[in-house]
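Trainee:
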Amino acid sequence: MVKTPCCEKMGLKKGPWTPEEDQILISHIQQYGHGNWRALPKQAGLSRCGKSCRLRWINYLRPDIKRGRFSKEEEEIIIKLHGILGNRWATIATRLPGRTDNEIKNFWHTHLKKRLERSELQGSSNSLQEAQAVCSAGSSINMAQGVVDASDATSSSVDGKLLIANDSLLSRKNPPIVGLGFYGAVSSDISGQIIRNNSHSVIGEEMEFWYNMFMNSHHKGIKM
DNA sequence: AAGAGTACCAACCGCCACTTC
DNA sequence: GGAAGTGGCGGTTGGTACTCT
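Residue numbers (UniProt numbering): 1 to 224.
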């Protein structure tokens, strides 16, 4: 097999999409779906690479995309999940229906990150600052993948919290770093829904929970 | 009014993980 | 088991809109 480059240099268009291209892509996907992104542009008659088509569809053309400003609630979710997961935008996006990883990433870099930096400078005590404490510690609890992808897990719920019995959920890409990220822990029920709770005492319990879970899995030799 | 600086966001790039052969 | 194909992710860039001087 010869590996073909993602975008053949010849004849493939780059840059902003035109309304005509959008229309072609939408109608093609509505008609045939997107079984194979690399083959799609050819089938649809687009001079774009498959990756570009996929990105355009996922980030802009998908019918369930939610446009407009992020709500306070969404901001809070992003901040807390970022505190736990780090820059795993796609995972965070699964908890924000209608929002794309790209949108969340942009929002983080253009709004939240700056706000966090400002609030840190002002020394104010609010949730943003708390999250900043998590982020600036450079911590990332990768086992939290299990929280976010709980719907895929073979799992059981204890007191509304989740136990994961599927180490396939655990990222191999990023080795686990256990640190202050526990502080911003978000818990989830068995269906993967986030249980929102800003109470410090509960956060403390969650820290303990996640810490114990990490230690248990570590001792059992679960790869994380 | 115009140029400079800044903010925002769509899109690209390179890498990695999973799947298929 | 390993090589190749493919999809997906995160980092980054570049263009445009907006604000300030």
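Even for Gly, the Cβ is constructed at its ideal location relative to N, Cα and C.
1. For isoleucine 24 and alanine 44, which I take to be in contact (beta-carbon distance under 8 Å), what is that distance rounded to the nearest angstrom?
2. Here's a check: name, in chain order, each residue in its chain whose Cβ is nearer than 7 Å to the Cβ of isoleucine 29, leaving out the five neighbours to either side.
3. For phenylalanine 107, which three-state DSSP category applies?
4. Just verifying my parser: in three-state terms, what is the DSSP assignment at alanine 90?
5. Tell me, to the nearest whole angstrom, how far the beta carbon of glycine 98 is from that of isoleucine 65; I am working on the premise that it is less than 8 Å.
6. Can you tell me whether DSSP reads glycine 83 as helix, strand or coil?
7. Short check: CB of tryptophan 37 to CB of arginine 62, under 9 Å?
8. Output the boundary residues of the alpha helix (DSSP H) element that contains serine 27.
9. According to the neighbour-count rule (16 or more other Cβ atoms, all chains shown, within 10 Å of its Cβ), is histidine 109 buried or exposed?
10. Less than 9 Å separating the beta-carbons of tyrosine 60 and tryptophan 17?
11. Ordered along the chain, which non-local residues of its own chain (more than five positions away) have a Cβ less than 8 Å from that of glycine 15?
12. Just tell me which of Ile78, Lys13 and Ser27 has its CA closest to the CA of lysine 113.
13. Can you check which of these residues, Glu73, Arg48 and Thr91, is closest to aspartate 22 by C-alpha distance?
14. What separation, rounded to the nearest whole angstrom, lies between the Cα atoms of lysine 173 and proline 19?
15. To the nearest angstrom, how far is the alpha carbon of serine 27 from that of leucine 46?
16. Our contact map puts leucine 81 next to arginine 95 with C-beta atoms below 8 Å; I'd like the distance itself, whole angstroms only.
17. For lysine 13, which residues in the same chain have their Cβ closer than 7 Å to its Cβ, ignoring the five residues on either side in sequence?
Mentor: Per the coordinate set shown:
1. 6 Å
2. Trp57
3. Secondary structure at phenylalanine 107: helix, using DSSP grouped into helix, strand and coil.
4. helix
5. 6 Å
6. DSSP places glycine 83 in helix when its eight states are reduced to three.
7. no
8. 19-32
9. Looking at its Cβ environment, which holds fewer than 16 other Cβ atoms inside 10 Å, histidine 109 is exposed.
10. yes
11. none
12. Ile78
13. Residue Arg48 is the option with its Cα nearest to aspartate 22.
14. Confidence in lysine 173 is poor, its pLDDT being 37 and thus under 50, which makes the residue's placement unreliable; the coordinate value appears in the next sentence. Spanning the two alpha carbons is a distance of roughly 37 Å.
15. 12 Å
16. 6 Å
17. Ser47 and Arg48
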